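Written out below as structure tokens is the structure these notes cover.
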Amino acid sequence: QAKEQFFPLLSYRTGPYAPNGTPWANGKQDYLKMINARDGGINGVKLTFEECETGYATDKGVECYERLKTRPGVTLFDPQATGITFALTEKVANDKIPLITLGYGLSVAQDGTAFKWNFPIMGSYWTGADIILQHLAKTNGGWDKLKGKKIALVYHDSPFGKEPIPLLQERARMHGFNLELIPVTAPGVEQKSAWLQVRQQRPDYVLLWGWGVMNSTALKEAQATGYPREKMYGVWWSGAEPDVKDVGDGAKGYNALALNTSGQQPKVIQDILKHVHDKGQGTGPRDEVGSVLYTRGVIIQMLGVEAVRRAQERFGKGKVMTPDQVRWGLENLALDQKKLDAMGFGGVLRPISTSCTDHMGSTWARIHTWDGKQWKFSSDWYQADEQIIKPMVKAGADKYLADKKLERRPVSDCQS
Amino acid sequence: MTPILNVNGIEVIYNHVILVLKGVSLQVPEGAIVALLGGNGAGKTTTLRAVSNLLKGERGEVTKGSIELRGERIENLTPADLVQRGVVQVMEGRHCFAHLTIEENLLTGAYTRSSKGEIAANLEKVYAYFPRLKQRRESQAAYTSGGEQQMCAIGRALMASPSLVLLDEPSMGLAPQIVEEVFEIVKDLNTREKVTFLLAEQNTNMALKYAGYGYIMESGRIVMDGPASELATNEDVKEFYLGVGGGQRKSFREVKSYKRRKRWLA
Amino acid sequence: MLYRENGQFKTSYRADQQIFPILQDRWGMLALLLFAYLAVPALASPYMFPAVLIPFLIMALAALGVNILVGYCGQISLGSGAFMAVGAYGAYNFFVRVPDMPLIPAILLGGVCAMAFGILFGLPSLRVKGLYLAVATLAAQFFADWMFLRIKWFTNDSPSGSVSVNNLQVFGFPLDSDAAKYWFCLSFLVVTALLAKNLVRSAIGREWMAIRDMDVAAAVIGIRPMYAKLTAFAVSSFIVGMAGALWAFIYLGAWEPAAFSVEQSFRLLFMVIIGGLGSITGGFFGAAFIVVLPIFLANYLPAAASLVGMSIGTAGIEHAQLMIFGALIVWFLVVEPHGLARLWATGKQKLRLWPFPH
Amino acid sequence: MGFFLETLLGGLMAGMLYSLVALGFVLIFKASGVFNFAQGAMVLFAALAMARFAEWIPAWTGIQSPVFANVAAFVIAGAIMFAVAWVIEYLVLRHLVNQEGATLLMATLGITYFLEGLGQTLFGNSIYKIDIGMPKDPVIAFDKVFEGGILVNKEDLIAALISAALVLLLSLFFQKTSTGRALRAVADDHQAAQSIGIPLARIWVIVWCVAGVVALVAGMIWGSKLGVQFSLATVALRALPVVILGGLTSVPGAIIGGLIIGVGEKLSEVYIGPLVGGGIEIWFAYVLALGFLLIRPQGLFGEKIIDRV
Amino acid sequence: MKIVDDPGVVAASPATGRKLGEVILDVRNISLAFGGVKALTDISFDVREHEVRAIIGPNGAGKSSMLNCINGVYQPQQGSITFRGKTFHHMKSRQVAEMGIARTFQNLALFKGMSVLDNIMTGRNLRIRSNLLLQALRIGPAEREEMRHREAVERIIDFLEIQAYRKTPVGQLPYGLQKRVDLGRALAMEPQVLLLDEPMAGMNLEEKQDMCRFILDVNDEFGTTVVLIEHDMGVVMDISDRVVVLDYGKKIGDGAPDEVRSNPDVIKAYLGTTH
Ligand SMILES: Nc1ncnc2c1ncn2[C@@H]1O[C@H](COP(=O)(O)OP(=O)(O)OP(=O)(O)O)[C@@H](O)[C@H]1O
Ligand SMILES: Nc1ncnc2c1ncn2[C@@H]1O[C@H](COP(=O)(O)OP(=O)(O)OP(=O)(O)O)[C@@H](O)[C@H]1O
Ligand SMILES: [Mg+2]
Ligand SMILES: [Mg+2]
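Quick note, the sequences are listed as chains P, R, L, A and B, same order. Take 1 as the starting number for the first sequence in this note's numbering and just add one per residue. Take 1001 as the starting number for the second sequence in this note's numbering and just add one per residue. Take 2001 as the starting number for the third sequence in this note's numbering and just add one per residue. Take 3001 as the starting number for the fourth sequence in this note's numbering and just add one per residue. Take 4001 as the starting number for the fifth sequence in this note's numbering and just add one per residue.
Below, the structure is given as structure tokens:
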């Protein structure tokens, strides 16, 4: 049997979320192609992949999962959708395949002792929301300045959009600001009344929790209702090029979280251009390489690849890793600055290390602002406040376990 | 003289499986009134549909034989083309446009006519034939009585100034004196405007009185044909279609015999 | 000449009223059941169960329910997704809130919830008809979407609104293997199909069809439109609700309201129309068509494309799939507007006439 | 008060935009008895064509004038919609003469899928821009009278005017011409219409073509507002309550229905929504329409549903 | 011959001298208008048990509307209908059916998608007692009940000689047979009064004879009262006991067939001069 590590790629290049799903999926593919081309795989193990179109729909996602999970050498799944993540969470526990959900999915899954197979590496909606609030506190001159302020959450009416609410409520209680919840029916093409409400309530800030077409529509409606874009803050799924490009000047001043850089300067992007695109094997158009979501796809794939590499260090170099071994790799990632630099990811993201109990590592993010032509960083790095999030995660995980009548992983399980 | 309509051994199948016409041939000479007689389910309506190309909507098709209009094959023409060539069918079961008023129904009948004067004249003519329609001209067709709808359907066909009319059971549901009038109208149009008629009728008595030639159908075949006067004196026809077999007309009360139906063909 | 009822004389009306009056059909059915229960689990690959067979069974069940309403009673409904959702969330609430609630009663109770919801949203049908009603049933769809997103109680206060179940058991046997799930769904389907078939060939079924074909005349012969329509809504949404519960519990495991979106309603309507309105068998054909075709295309289209020297990405496949799917629907309708079931019946009729063409 | 008026105004304009889509449904239904679910897909398809050609034409011809690009793109997209109408008639409708409503509805669902697939294959599936120079920034009116003034959206206003004009034109067509009468006849009874010589094929091509152009206008306006991408097809779902409220067979009904639905859903979302957690407008629109239907089952201006024995 | 009005006294048919029963259906001063159209104006007539009562009149006279009033499809603005001593101002379809009044329709109102058998079976639905659950399970009583009704329906099918079409969807039958199925459905209700709206339209002579035979057989054997609308004067004259003539919504004649035939108003309005 050939030594091949198989990466199933669940993606959506069609439907309402296609404009955002496509660069993401392209980044994931290109990184795999690049590793094969540049390094000949991981210690000689070739990387293979197959894409399956989910259209962001849960049932199709499940079908894709079932189709690809039995492939030899299967590594891990990145479902690219919160809904599919929910549906797969139980299935992966049965099948013992890790599920990596960078910056999305279940926030409580950070608790590795409760969710053995889920990996919301680098961030969850709770950490994201926390960082935006930190930024608002900072620009206002301290948490106490937020008191009495009105913050509206305009969100995609789905589990994805609702995930940050508990954290925002917690913070609102702590700091005395008012939280207004304004749902937008999926997929979010019609938002007039949401923005009428924004205009009525005149919130000091609008947090945007959108995806796909909802983002650009929100910006257009904000323009049409005259809500200042400078006061709008999007999550990292609402801050990419497709969200603002066709709004153009109308989106000027809009802010969003940035988990990663964008642009073609980073070395890894250069590598992709050189080893993949220059050979005519690029997945998407060349000028999309290095865009926000593309880069995020690259990072996700890098984490998967590094998990395999890490696992190989323990279970045998040059071997094909089983999903369970990959899970161990994911739980023991230790990507310090030196390693990141060496891999060409210097500056793209912050160092990251995970553990058996903490499946997220830490969340570091910046704010970037659209200047009408491109995204520009407008803040320094923030780190989510684990003081607040950890207890919430623990409580949430406990409730989950109790509902399911499940046990936490024994400590011994972590030792292995 | 070549007949205006020549149907040559056609077979018709519904739904790909139900064979209904098994080789029907008939001729309609120019300027004639030809009657097509036969019991329920004999295939009269189907024959007319085949001629006017309305089978498709019933999922039927002509699988054999040919149909010629003035020597031209017409199986592949659309019904609209046929109306352009002067062939109009009055469909069995009325089929008025329910939401249109009687007058609108009639006016749509003149769709293929472009001359305003002609249309107005035709309308007047129809109203003259059926005064009842004039009274009800503003009513939506769905809310008129069965007989009124029948008049509307016939009138609508006349609006197209046809040269060959396929009449499917025109007398059905009409009051006796109107039946008579309808046949008089047929005769009138025939003699004065040289309109040719192919007439599927159950009212054999009337049909043979006004028609020049007749065909009798049974289960998808023509079983007998001849000049109307001959048919009217044929013993079998007299007995089974005219009810005067063996002397004088029987009262409906007296007929008690079971299963006397005659079959010319098995 | 093999497929004939020649020589099979019915000596009683009971014999004539059987579901399958022709001997060959009865044997065929028996063989089919044996095949479904025994051979399929032995032959199917691990991928087939969760990806094809189980969704097919559940969707066939749902289509059965929709067919009762749309095909038999003539009330076009675009709200079937909502009935599935109510069934799923109803069953879920019984399952998690009532201690030690067994699975089957939970699913049946989910069906009962859907039934109540169906009757409620069926009430307008007493006045509103045809396409107007069809569009109006979308109200049920969007209302249910909203309700399960917005009313926390239904989702057991889960913050994200997504819920899940696990540890399913039937009479103490855990439903953890694919084959077990398959048998479970199959049994549901077989039992329901039998009962539904009985219903539609009984008095109530005739009432439904009478209302569908001509409601004024039905009223004149003493059929109460209200009773007929509401029972159709009730029976239909009960079955659809059970299917929803199965879809959520067995197929998805964890779900959110989007799993029962309007898209799902359309798919169900597709199934019954493609399969054949007013035909129990039709639902099966329709479900098979709608469930299997996209998967089939997704699996084989790339290979087919590479045969002719093209390579298409997943987006291309998806678009090609949409096109093929749309074209096939139209094609089937053109060939046989009454659906696959009618095509099947015509085929059988031809077989009976064979070797003569007519 | 100011805000109430603003919401009202917003609702009215949103309603006009719905009317534009609703109009397409009404046209086809009135003229052929087909409930055309593909209207949404046609809007998407037309908008995609328009957006892409407006992008391609300057690149091909080297003429940079945006007016020229837009006009040319509009004409080409219109021609494409004509071709679509012709193909639909040739491949679908003509084979389904005299079939039941459900069958025809289903066929249009098939067409929906096909057009969605084809549109995205030909024109791509990203977000595209239609820039016909619509003003995007709002103006605040009456800021002397009400606190905060009333926000008026010029883009919406222009769009509303365009749809009003279109509706007027089409109403006249149906009421005043003999073709209009023939169309209504076709909707009543395909077979009878055939039997008196109405050429169904031609009628259908005309109607679908007009509906295609209406879809193009709708797509242009909606696309200019929202950007052109897949979800544009879903505006059809927002327009459906408008169609049934106004009546499936009434062109003016589409406008009135649009206004009622637009106002109803915006007011409900803004004033009732917050009480129950928000997000109610879409089902509220349907329930509102349903409420009207209970009083008039054929919609406000629809033709009476006839059932006689 | 004088018709005795006292309902207690049994009358004789003015046409045939047959014994007729009491007044079973009594229509009093019915008026019905649709907007401006007066379909019926102050119509009164009665129907005796066991009678064949014909209603004739030109097209649009209001004959079908009269039947529609009797079985609750239309609600007349004025007047009352008395059935077996009970007086109603508004008839409700269901109630009418339960009381034993059945009808056929002028423009075929069959259930197109159903087979002949099922169509006729619907006529028995009023008598079905088993509930939904029993029907679903189709056990014991439900099945026996179904069989019982099937037998009754088979008798009707035999009677109407449509055995060969039992399983054919009625939409595919030729017009004339559909008319027969329509009659079959009404007969299946085992009505006391049978309202027939042009049952013989679109039939040839032979078929009309059959139909007459069916009607008379029903009338003779089951004693069913028949109200008949028909345009074929031969039929009306031969089989009816008494005839009502309507014209423009007004009653212009009522009496024995012969009497009516020679009524000058009737001749002018309806029969035309040739008859
Ligand atoms: N749409 C159809 N599908 C299937 N079979 C049909 C269809 N229309 C007619 N038939 C069959 O074709 C045969 C001939 O029917 P047709 O309507 O031509 O008879 P007809 O002579 O006009 O009878 P009638 O006098 O009763 O109108 C009948 O046996 C009928 O069952
Ligand atoms: N629902 C209705 N709405 C409006 N007008 C109606 C309605 N029903 C009947 N009419 C009118 O009432 C009059 C009587 O109609 P009806 O159907 O009773 O006539 P009929 O005597 O049965 O005639 P025919 O012999 O032609 O069937 C007709 O002029 C008809 O147009
Ligand atoms: Mg006929
Ligand atoms: Mg009548």
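All C-beta atoms in this analysis are idealised placements derived from N, C-alpha and C, irrespective of residue type, glycine included. Please read these numbers as outputs of a predicted model, since none were measured by experiment.
| Item | Value |
| --- | --- |
| 8 Å Cβ shell around A:Val3251 - same chain, five flanking residues per side excluded | Leu3023, Val3026, Leu3027, Lys3030, Val3167, Leu3170, Ser3171, Phe3174 |
| Cutoff 8 Å: A:Asn3125 Cβ touching any chain L Cβ | yes |
| Nonlocal neighbours in the same chain, by C-beta distance under 8 Å from P:Leu401, ignoring five residues either side | Ala114, Glu407, Arg408 |
| B:Asp4232 in three-state terms, based on DSSP | coil |
| Rounded C-alpha distance that separates A:Val3186 from R:Glu1058 | 16 Å |
| Under 9 Å from the C-beta of R:Ala1157: neighbouring residues of chain A | Ser3195, Ile3196 |
| The alpha helix (DSSP H) enclosing L:His2319, as first and last residue numbers | 2314-2335 |
| Positions along the stretch 2292-2307 of chain L whose CB lies within less than 9 Å of some CB in chain P | Pro2294, Ile2295, Ala2298, Asn2299 |
| Span separating the alpha-carbon of B:Ile4267 from that of L:Leu2120 | 57 Å |
| Near ligand 3: B:Tyr4175 beta-carbon under 7 Å from a heavy atom | yes |
| As assigned by DSSP and simplified to three states, the class of B:Ser4031 | strand |
| Contact between the stretch 4100-4114 of chain B and the stretch 2176-2187 of chain L (3+ Cβ pairs under 8 Å) | no |
| P:Tyr254 vs P:Trp370 beta-carbon contact at 8 Å | yes |
| Interface residues of the stretch 1155-1179 of chain R facing chain B [CB-CB below 9 Å] | Glu1169, Ser1171, Met1172, Gly1173, Leu1174, Ala1175, Pro1176, Gln1177, Ile1178, Val1179 |
| Beta-bridge partners of R:Gly1038, as assigned by DSSP | R:Met1217 |
| Contact the stretch 298-307 of chain P vs the stretch 337-352 of chain P: 3+ CB pairs below 8 Å | yes |
| 8 Å CB neighbourhood of L:Val2338 in its chain, flanking five on each side removed | According to the sequence shown, residue 2338 of chain L is His rather than Val. Result list for L:His2338: Gly2276, Leu2277, in chain order. |
| Start and end residues, beta strand (DSSP E) containing P:His359 | That residue, P:His359, is in no beta strand (DSSP E); it is neither H nor E in DSSP. |
| First and last residue of the uninterrupted beta strand (DSSP E) at P:Lys376 | 375-377 |
| Nearest residue (CA-CA) to L:Ala2228, options L:Leu2199, L:Ala2254, L:Ile2250, L:Ile2239 | L:Leu2199 |
| Nearest-angstrom Cα separation, counted from L:Ala2315 out to L:Ala2303 | 15 Å |
| Cβ-Cβ distance between A:Gly3015 and A:Gly3258 below 8 Å | yes |
| Exposure label - B:Ile4149; buried when at least 16 CB within 10 Å | With the sequence shown as reference, residue 4149 of chain B is identified as His, and Ile is not the correct amino acid for it. Buried, by the Cβ-count rule. |
| C-alpha distance - L:Leu2351 paired with R:Lys1022, whole-angstrom precision | 21 Å |
| The stretch 283-302 of chain P / the stretch 16-33 of chain P touching (three or more Cβ pairs under 8 Å) | yes |
| Rounded separation between P:Tyr227 and L:Ser2160 - CA only | 28 Å |
| Paired residues, beta bridge with B:Asp4254 - DSSP | B:Val4244 |
| For L:Leu2109, the nearest candidate out of L:Tyr2092, L:Pro2124, L:Asp2100 (CA to CA) | L:Tyr2092 |
| Delimiting residues of the beta strand (DSSP E) encompassing L:His2359 | For chain L, the structure presents residues 2001 to 2358; residue 2359 of chain L sits outside this window and is missing. |
| Closer than 7 Å: B:Gln4106 CB and nearest ligand 4 heavy atom | yes |
| Coarse secondary structure for R:Val1164, derived from DSSP in three states | In the sequence as displayed, the identity of residue 1164 of chain R is Leu instead of Val. R:Leu1164 falls in the strand class under three-state DSSP. |
| C-beta neighbour in chain A for L:Trp2153, strict 8 Å | no |
| Beta-bridge partners of R:Ala1080, as assigned by DSSP | Its beta-bridge partners do not exist; DSSP assigns none. |
| Beta-carbon proximity check, P:Ala137 vs P:Leu257, cutoff 8 Å | no |
| Span separating the alpha-carbon of P:Arg425 from that of P:Lys317 | The structure shown does not extend to residue 425 of chain P, since chain P spans only 1 to 416, so no value can be given for it. |
| Under 8 Å by beta carbon: chain A residues contacting P:Arg13 | Asn3125 |
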